[in-house]
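Colleague:
2 protein chains.
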Amino acid sequence: MSTRQSHRATILDVARAAEVSRQTVSNVVNSPHKVAPDTLVRVQAEIDRLGFRPSRAARTLKQERAGAWGLEIDARGAGRLGSVLDAFLVELTLTSSRNDTHILPFAAPDYREPIAAYEEVLASRLADGFILTDTRHDDPRPQWLRDRGIPFAAFGRVWDDPTETAWVDVDGAAGVETAVSHLVDEGYQRVAFLGWPTGSPVGDDRRAGWARAVDRLGVGDEAWQGVAVQELDAATLAARPLVDIVGPGGAIVCASDALAAGVWRAVHERGLRPGLDVGIVGFDDTDAARVLGLTTLRQPLTEITERVLAILLNAQTPPAAGTVLHPELVRRSSSSRTVIPPAR
Amino acid sequence: MSTRQSHRATILDVARAAEVSRQTVSNVVNSPHKVAPDTLVRVQAEIDRLGFRPSRAARTLKQERAGAWGLEIDARGAGRLGSVLDAFLVELTLTSSRNDTHILPFAAPDYREPIAAYEEVLASRLADGFILTDTRHDDPRPQWLRDRGIPFAAFGRVWDDPTETAWVDVDGAAGVETAVSHLVDEGYQRVAFLGWPTGSPVGDDRRAGWARAVDRLGVGDEAWQGVAVQELDAATLAARPLVDIVGPGGAIVCASDALAAGVWRAVHERGLRPGLDVGIVGFDDTDAARVLGLTTLRQPLTEITERVLAILLNAQTPPAAGTVLHPELVRRSSSSRTVIPPAR
DNA sequence: ATGTCTGATTTGAACGTTCATATGAGAGGA
DNA sequence: TCCTCTCATATGAACGTTCAAATCAGACAT
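As they're listed, the protein sequences go chains R and Y. Residue numbering for the first sequence is 1 to 344, as defined by the numbering used here. Residue numbering for the second sequence is 345 to 688, as defined by the numbering used here.
1) Taking a cut of 7 Å between CB atoms, which residues from the region 643-664 of chain Y lie near chain R?
2) With a threshold of 7 Å on Cβ separation, who are the neighbours of ALA665(Y) within its own chain once the five nearest residues in sequence on each side are excluded?
3) Give me the Cα-Cα distance between VAL364(Y) and PHE52(R), rounded to the nearest whole angstrom.
4) Taking ALA567(Y) as the reference, give the member of GLY637(Y), LEU616(Y), TYR532(Y) and VAL558(Y) with the closest Cα.
5) Expressed to the nearest angstrom, what Euclidean distance is found between the alpha-carbon atoms of ARG270(R) and SER334(R)?
6) Which chain Y residues are close to GLY51(R), counting only those with a beta carbon under 8 Å from its beta carbon?
7) Can you give me the Cβ contacts of VAL14(R) inside the same chain, cut-off strictly under 8 Å, excluding the 5 residues immediately before and after it?
8) Assuming GLN23(R) is part of the alpha helix (DSSP H), what are its boundary residues?
9) Relative to the C-alpha of ARG609(Y), which candidate in GLY593(Y), PHE627(Y), ASP628(Y) and ALA632(Y) has its C-alpha closest?
10) For GLY279(R), write down the residues that DSSP places opposite it in a beta bridge.
11) I need the DSSP call for VAL668(Y), collapsed to helix, strand or coil.
12) Taking HIS7(R) as the query, report the chain Y residues whose CB atoms sit under 7 Å from its CB, ordered along the chain.
13) Alpha carbon to alpha carbon, how far is ALA361(Y) from ARG352(Y)?
14) Since LEU603(Y) meets chain R, which of its residues come closer than 7 Å, beta carbon to beta carbon?
15) Hey, does PRO541(Y) have any beta-carbon neighbour from chain R nearer than 8 Å?
16) Taking Cβ positions only, does ASP215(R) come closer than 8 Å to chain Y?
17) Roughly how many angstroms separate the alpha carbons of VAL158(R) and ASP504(Y), rounded to a whole number?
18) Buried or exposed for GLY195(R), going by 16 or more other Cβ atoms inside 10 Å?
19) Under 7 Å between beta-carbons, which chain R residues line up against LEU576(Y)? List them in chain order, please.
20) DSSP state of GLN5(R), grouped into three classes?
21) For PRO618(Y), which residues of its own chain have a beta-carbon under 6 Å away from its beta-carbon, when the five flanking residues on both sides are left out?
22) Which parts of the region 147-186 of chain R are runs of the beta strand (DSSP E), unbroken and 3 residues or longer, counting only runs that do not cross its ends?
23) Taking only three categories from DSSP, how would you classify GLU416(Y)?
24) For ASN299(R) versus VAL84(R), is the C-beta distance shorter than 8 Å?
25) Which of the three DSSP states is assigned to VAL573(Y) in this structure?
26) Buried or exposed: ALA536(Y), going by 16 or more other Cβ atoms within 10 Å of its Cβ?
27) Verify whether the separation of the beta carbon atoms of ASP418(Y) and TYR462(Y) is less than 8 Å.
28) Indicate the three-state DSSP secondary structure (helix, strand or coil) for PRO105(R) in the structure shown.
29) Establish whether the CB of LEU89(R) and some CB of chain Y are separated by less than 8 Å.
30) Grouping DSSP H, G and I as helix and E and B as strand, with all else coil, what is ALA45(R)?
31) Candidates LEU656(Y), SER600(Y) and ASP472(Y): which alpha carbon is nearest THR630(Y)'s?
32) Across which residues does DSSP place ARG534(Y) in a beta bridge pair?
33) DSSP three-state call for VAL330(R): helix, strand or coil?
34) Give a yes or no on contact between the region 199-213 of chain R and the region 165-179 of chain R, applying the rule of three or more CB pairs nearer than 8 Å.
35) Near THR354(Y), what residues of its chain come up, given a Cβ to Cβ distance below 8 Å and the 5 sequence neighbours on each side ignored?
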């Protein structure tokens with residue numbers, strides 16, 4: 001039962017087997033160009049035969065870098081509705097695997113006091129830097145990290161510091177503008193907006209996109225907007241008056257799929273049909289959007305993770321400016337005035 | 345700009361500051377009972393003052409254990425509908441933080457050939473063992489790990505080996521039985537089932553629960569079942585004949601929320617109302633269920649992660665038997681024949 | 001006074017790498 | 001022939017811990 005943990009090959013085992021020194025094996029792995037061609041193939045053969053991989057711990061110790069990046073996980077757990085961040089973590093893991101590095105997910109015991117958890121990760125030398133998500137106004141993290149010279153890259157703008165460029169974000173305003181244009185093209189004549197309470201930069205950005213678009217296209221009014229937290233019942237409640245305002249032939253764009261789901265319910269309550277009678281567009285392309293058939297704006301997560309990781313892996317040459325990517329409009333039945341058959 | 349990475353305190357810094365040896369500091373951290381009380385407080389004060397935490401890498405190297413557990417992430421990425429595994433990863437991270445250990449998410453380049461990726465993680469000494477999810481028939485992983493004496497614990501039964509006890513699972517059959525009983529209590533008279541294609545052990549288990557319950561309660565027929573893959577359009581297509589069979593006053597239980605969402609659409613297509621006319625119950629309590637107001641069975645993820653981690657952290661005393669937990673029925677409007685107002 | 005035991009603390013060594021430096025073997029020029 | 005240079009490979013040291021063994025200081029018994 002208690003079979004001794006099978007002895008894994010070390011660099012010395014390989015060195016002995018190939019009759020070279022440790023350093024030569026190390027060079028084969030890390031600087032192949034320094035090794036004579038025939039030695040290279042001989043050592044590489046032994047590496048493959050023995051299944052040798054450098055011990056991450058030993059390498060970390062010597063090089064004083066962990067080869068891993070911390071990602072704070074919201075301590076409120078999986079109870080949040082329609083978060084795109086779970087998908088981000090998954091995508092980030094995939095991207096990391098391809099870049100010979102790792103993600104260290106960690107949780108702050110109290111999500112309102114995140115710094116202590118970052119401190120802890122650094123003190124244990126578990127990560128070389130961090131990936132920030134959920135950046136916000138008065139976010140203490142960017143400055144704290146910058147002051148200490150700790151590398152980081154953010155998914156989401158670093159809002160309070162325009163000189164900070166280590167971020168990748170999606171142009172929410174442009175995305176919403178695209179959505180409004182699309183709705184107008186589809187024949188909707190009035191476009192309202194349901195967003196989050198003012199103060200969330202992401203939400204405010206998306207709202208600004210709506211305001212600009214309806215102004216430009218003449219399909220809306222400053223007053224046609226509602227506010228709700230990211231919660232279904234609250235969204236439904238806030239959506240009702242908006243549905244009454246725009247009525248059949250109108251549409252509502254939302255700061256999130258969860259809010260759009262609320263609109264969807266309010267539309268149904270009034271005996272109207274999403275799409276056919278009232279257009280709805282959400283944001284993030286979560287499961288909720290797919291099951292409701294909601295048109296939505298999809299963030300290019302794969303590209304985001306690749307760019308975030310690139311910032312960290314080339315930390316010596318910081319980007320000249322933050323990166324803004326465009327979300328992609330995913331058309332579904334909620335923004336079509338004709339029936340789209342659901343099945344093939 | 346290139347401020348030298350701030351020098352973090354090592355055990356030697358603390359030792360010098362407290363005027364004791366390295367080993368005494370180590371004892372303060374790891375075996376406080378070995379240290380004289382007054383020395384303890386003095387050293388602890390310096391530890392706190394300097395913010396010392398043992399370097400994980402150095403500890404890993406010396407102890408030959410990583411203090412981390414590998415979790416394979418599905419390389420197909422975040423595109424899957426209604427996966428409960430994202431939530432599992434988040435919950436696991438939170439539980440790990442509380443137990444002074446870590447989760448190492450990693451991806452297999454080809455998800456059909458997972459072993460190589462596990463091999464890689466072990467060879468790099470990145471993890472001491474693994475947490476398996478998505479256990480299935482002909483799963484090569486449990487045996488492979490067992491043969492090598494590598495600790496693991498599974499979320500999901502180890503189906504092919506009844507002697508294996510290192511798993512925690514949810515009683516899907518009992519959950520579905522509960523759902524059927526609930527539907528009968530609510531006044532639905534016929535209960536059909538929409539599941540995944542035969543061969544998925546999780547799906548077969550859930551189907552068995554339905555078969556048992558409808559047989560016992562006399563509310564169904566062996567023939568009243570449909571099959572679809574975990575995809576919305578397929579589910580909608582498969583749901584249509586079932587809706588026609590059970591009709592108003594009938595109900596359909598499903599192997600997942602995604603399938604339930606398909607039923608939900610099919611019910612609407614027929615001009616019927618979920619809940620009021622046709623009952624629907626899903627499985628997993630994903631966002632989709634919340635947004636659609638679907639009654640569903642929630643897996644107790646926090647308890648699952650705690651037990652999974654407990655198995656790994658007490659690997660020397662393997663559990664006597666696999667652990668089966670019960671899912672919790674979450675009642676929403678899709679299983680109520682009277683209107684439940686959505687808002688407060 | 002001497003020896004023995006116990007508990008607290010210290011010292012030496014090792015975990016597996018990589019960095020910096022040293023050595024060795026040829027090649028080429030004087 | 002000898003010196004210099006270059007390229008390939010080898011050696012010593014160090015990263016920060018913890019394990020095992022050694023030392024030290026008292027307490028107690030003889």
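Note that the Cβ used here is the ideal one computed from N, Cα and C, for glycine as well.
Modeller: Based on what the coordinates show:
1) From the region 643-664 of chain Y, only LEU645 have a Cβ closer than 7 Å to chain R.
2) Taking the second sequence and counting its residues from 1, the one referred to as residue 665(Y) is at position 321. So the list reads THR509, once near-sequence residues are dropped.
3) Stepping through the second sequence from its first residue, residue 364(Y) is reached at position 20. Stepping through the first sequence from its first residue, residue 52(R) is reached at position 52. Spanning the two alpha carbons is a distance of roughly 39 Å.
4) If you number the second sequence from 1, residue 567(Y) lands on position 223. The residue with the shortest Cα to Cα distance from ALA567(Y) is VAL558(Y).
5) Mapped onto the first sequence, residue 270(R) falls at position 270. Mapped onto the first sequence, residue 334(R) falls at position 334. Distance between the alpha carbons of ARG270(R) and SER334(R): 16 Å.
6) Reading the first sequence from its first residue, position 51 is the one you call residue 51(R). Simply GLU463 and ALA467.
7) Within the first sequence, the letter at position 14 stands for residue 14(R). Within the same chain, VAL14(R) has close Cβ partners VAL25, VAL43, GLU46, ILE47, LEU50 and PHE52.
8) For the purposes of this step, residue 23(R) is identified with residue 23 of the first sequence, where counting begins at 1. Here the alpha helix (DSSP H) through GLN23(R) covers 22-30.
9) Here the question's residue 609(Y) lines up with position 265 in the second sequence. Per the Cα distances, ALA632(Y).
10) By one-based count along the first sequence, residue 279(R) stands at place 279. According to DSSP, GLY279(R) bridges with ALA251(R).
11) Along the second sequence, one-based indexing puts residue 668(Y) at 324. Three-state result, VAL668(Y): strand.
12) Within the first sequence, numbered from 1, the residue matching residue 7(R) stands at position 7. In chain order: nothing, as chain Y lies at least about 10 Å away.
13) Position 17 of the second sequence, counted from the first residue, corresponds to residue 361(Y). Position 8 of the second sequence, counted from the first residue, corresponds to residue 352(Y). The straight-line gap from Cα to Cα measures roughly 14 Å.
14) Translated into positions along the second sequence, residue 603(Y) becomes position 259. Going along chain R, no residue has its Cβ under 7 Å from LEU603(Y), so there is no contact; the nearest lies around 10 Å.
15) In the second sequence, counting from the first residue as 1, residue 541(Y) sits at position 197. Chain R contact via Cβ: absent.
16) The residue you call residue 215(R) lines up with position 215 of the first sequence. Cβ-Cβ to chain Y under 8 Å: no for ASP215(R).
17) Locating residue 158(R) in the first sequence gives position 158, counting from the first residue. Locating residue 504(Y) in the second sequence gives position 160, counting from the first residue. If you take the alpha carbons of VAL158(R) and ASP504(Y), they lie about 50 Å apart.
18) In the first sequence, counting from the first residue as 1, residue 195(R) sits at position 195. The residue is buried, with at least 16 neighbouring Cβ atoms inside 10 Å.
19) Reading the second sequence from its first residue, position 232 is the one you call residue 576(Y). What LEU576(Y) touches in chain R: ARG290 and VAL291.
20) Locating residue 5(R) in the first sequence gives position 5, where the first residue counts as 1. Because GLN5(R) sits at a pLDDT of 43, beneath the cut-off of 50, its placement in the model cannot be relied upon, and the following sentence gives the value as read from the coordinates. In the structure shown, GLN5(R) adopts coil according to DSSP, grouped into three states.
21) Numbered from its first residue, the second sequence carries residue 618(Y) at position 274. Within its own chain, the residues whose Cβ lies closer than 6 Å to the Cβ of PRO618(Y), once the five positions on either side in sequence are excluded, are TRP608, VAL611, ILE624 and SER678, listed in chain order.
22) Here the runs fully enclosed are 152-155 and 167-170.
23) In the second sequence, counting from the first residue as 1, residue 416(Y) sits at position 72. In this structure, GLU416(Y) counts as strand in the three-state DSSP scheme.
24) Here residue 299(R) corresponds to residue number 299 of the first sequence, with the count starting at 1. Here residue 84(R) corresponds to residue number 84 of the first sequence, with the count starting at 1. Reading off the sequence, residue 299(R) comes out as Gln, not Asn. In this structure, VAL84(R) lies closer than 8 Å to GLN299(R) by Cβ.
25) Within the second sequence, the letter at position 229 stands for residue 573(Y). Here VAL573(Y) sits in coil by DSSP.
26) To locate residue 536(Y), count along the second sequence from 1; it is residue 192. Buried, since its Cβ has 16 or more Cβ neighbours within 10 Å.
27) Stepping through the second sequence from its first residue, residue 418(Y) is reached at position 74. Stepping through the second sequence from its first residue, residue 462(Y) is reached at position 118. No, the Cβ-Cβ distance between ASP418(Y) and TYR462(Y) is not below 8 Å.
28) As a first step, residue 105(R) is located in the first sequence; it is residue number 105 there, counting from the start. Strand, per DSSP.
29) Residue 89(R) sits at position 89 when you count from the first residue of the first sequence. Cβ-Cβ to chain Y under 8 Å: yes for LEU89(R).
30) As a first step, residue 45(R) is located in the first sequence; it is residue number 45 there, counting from the start. Helix at ALA45(R).
31) Start at 1 with the first residue of the second sequence, and residue 630(Y) comes out as number 286. The shortest C-alpha separation from THR630(Y) is found at SER600(Y).
32) Residue numbering aside, residue 534(Y) sits at position 190 when the second sequence is read from its first letter. The partner list for ARG534(Y) (beta bridge, DSSP) reads GLY594(Y).
33) On the first sequence, residue 330(R) is found 330 positions in, with the first residue counted as 1. Looking at VAL330(R) - three-state DSSP - the assignment turns out to be strand.
34) yes
35) The count along the second sequence starts at 1 and reaches residue 354(Y) at position 10. Excluding positions up to five away in sequence, the list reads PHE396 and SER399.
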